[in-house]
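A.B. asks:
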Amino acid sequence: MTAVPDALPKRVRLSTLTTLGVGGEAELWVAETTGELAAATRAPYRVLGAGSNLLVADAGVGERVIKLGRAYNDVRGFGAGHGSAHDVWLGAATPLPGLVRRAAEVGWSGLEGLLGVPAVLGGAVAMNAGTRFGEMSDTLREVEVFVAGGLERLPADALGLSYRHSSLPPGAVLTRVRLRLTPSSPERVRAQLARVDAARQGQPKSKSAGCAFKNPPGDSAGRLIDAAGLKGLRVGQAVVSPEHGNFIVNIGGATAADIVRLLELIRARVGTPLRAEWELWGFGPGTLKEVTCAALSS
Ligand code: FAD
Ligand code: EPU
Numbered sequence: 001m002t003a004v005p006d007a008l009p010k011r012v013r014l015s016t017l018t019t020l021g022v023g024g025e026a027e028l029w030v031a032e033t034t035g036e037l038a039a040a041t042r043a044p045y046r047v048l049g050a051g052s053n054l055l056v057a058d059a060g061v062g063e064r065v066i067k068l069g070r071a072y073n074d075v076r077g078f079g080a081g082h083g084s085a086h087d088v089w090l091g092a093a094t095p096l097p098g099l100v101r102r103a104a105e106v107g108w109s110g111l112e113g114l115l116g117v118p119a120v121l122g123g124a125v126a127m128n129a130g131t132r133f134g135e136m137s138d139t140l141r142e143v144e145v146f147v148a149g150g151l152e153r154l155p156a157d158a159l160g161l162s163y164r165h166s167s168l169p170p171g172a173v174l175t176r177v178r179l180r181l182t183p184s185s186p187e188r189v190r191a192q193l194a195r196v197d198a199a200r201q202g203q204p205k206s207k208s209a210g211c212a213f214k215n216p217p218g219d220s221a222g223r224l225i226d227a228a229g230l231k232g233l234r235v236g237q238a239v240v241s242p243e244h245g246n247f248i249v250n251i252g253g254a255t256a257a258d259i260v261r262l263l264e265l266i267r268a269r270v271g272t273p274l275r276a277e278w279e280l281w282g283f284g285p286g287t288l289k290e291v292t293c294a295a296l297s298s
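Using full-length UniProt numbering, read the sequence shown as starting at 1 and increasing by one per residue.
(1) Apart from the five residues on each side of it in sequence, which residues of its chain come closer than 8 Å, Cβ to Cβ, to G110?
(2) If we count Cβ pairs, one from each stretch, closer than 8 Å, do we get three or more for the region 8–27 versus the region 47–65?
(3) Pick out whichever of T41, L48 and I66 has its Cα sitting closest to the Cα of W29.
(4) Provide the residue(s) that pair with S162 in DSSP beta bridges, ordered along the chain.
(5) On the CB-based measure, 16 or more other CB atoms within 10 Å of its CB, does T272 come out buried or exposed?
(6) For G122, which residues from the same chain have a beta carbon less than 6 Å from its beta carbon, with the 5 sequence-adjacent residues on both sides left out?
(7) In its own chain, which residues sit with a C-beta less than 7 Å from the C-beta of V120, not counting the 5 before and 5 after it?
(8) Within the region 124–161, note down every full beta strand (DSSP E) run reaching 3 residues or more, in order along the chain.
(9) May I have the straight-line CA-CA distance separating L288 from E105, to the nearest angstrom?
(10) Given that a residue counts as buried once 16 or more other Cβ atoms are within 10 Å of its Cβ, and exposed if not, what is Y163?
(11) If the criterion is Cβ atoms closer than 8 Å, does the pair Q203 and E112 meet it?
(12) So, at 8 Å on beta carbons, what are the nonlocal neighbours of V177 in its own chain, with the 5 sequence-adjacent residues on each side left out?
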């Protein structure tokens, strides 16, 4: 049997492309070139990174789902540290965990706070991913986006990056990003990574999409959910993690409907208003009233 080339769209279950392991079908377009991006963006679409901040509906999504292929997974000029700063252009499909490791090996500092974020660069920029040790905006200088049929460069400060938020131009697909890293020593970088790792020790290893809710100003959603006695609360196969209250874990075969019900129960029982950090794909406009579709073209 002949394998289907990546460039051809195919129906896939998004549960296989998201870390929560939940979500129905969509038409997947894997783009390796600008021409393929142009073809893929001719009908309404969404952009998928590593699927680590997504809750996709059981019925899937009607729009095309575009994923950047191997051609966008690269590390250009990423070598040993020297001089005062290192600018690198990286494809938006470059996985963050490998990048953080590689930077540590060569003694480049700036990405340590992103240890443990299972994203690709495009998704990490779109969410301005981070921890209290640092976020994507610390090192981001410039991006290349595919928008309105062509490639454009935008400075980082045009992206409105704030806590777990960006304002990309509507429909923009991040294709490459320019980061500025600082020379350090592998030992110093490793010491900082150890601090970040220690702060993550309370997080569960089971299937999740990270924290479900953003932290309210000055507090932690996980602490609030814990204080409300909700750890272990279960709907179907979806459970509020007994380890960290802001993680919903799929203990095997959870549905998106289970998870939405659980999120609603949490929101109803925690006194403080909680805003979703996850992106919800394929749900009605009222679901959790916080659905954001930054990369959805219409
Ligand atoms: P996806 O989830 O696939 O997509 C997220 C958004 O980015 C969507 O709007 C999507 O359309 C958009 N997007 C993706 N790629 C592109 C592109 N090329 N162009 C335009 N838009 C694009 N997050 C944190 O901030 N800090 C943490 O400490 C953290 N820890 C986590 C731990 C675990 C175990 C897990 C599972 C998740 C964690 N997360 C954390 C959440 C998640 O990893 C981040 O939100 C991450 O930035 C999502 O990136 P992604 O590549 O998976 O994007
Ligand atoms: N806490 C509890 N019970 C819990 C969880 C937390 O009491 O179940 C308490 C902790 O003891 C601590 C405080 O709440 O005093 C903060 O907890 P933690 O250090 O775990 O940080 P967090 O605010 O819950 C944030 C990010 C994480 C990031 C960590 C580490 C958000 C929504 N979450 O969690 O990011 O990894 O800090 O810096 O901002 C994500 O965004 O997906 C994510 C995982």
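Glycine included, every Cβ here is placed at the ideal spot set by N, Cα and C.
C.D. replies: From the atom records:
(1) Closer than 8 Å at Cβ, skipping near neighbours: A103, G134, D138, T139, L179, R180, L181 and T182.
(2) yes
(3) I66
(4) H165
(5) exposed
(6) Counting only Cβ-Cβ distances below 6 Å, and skipping sequence neighbours, we find G49, A92 and L174.
(7) G49, A50, A92, A93, T94, P95 and L96
(8) 140–147 and 150–155
(9) Rounded to whole angstroms, L288 to E105 spans 42 Å at the Cα level.
(10) exposed
(11) no
(12) W89, L90, A92, L121, G122, V125, L140, E142, V143 and E144
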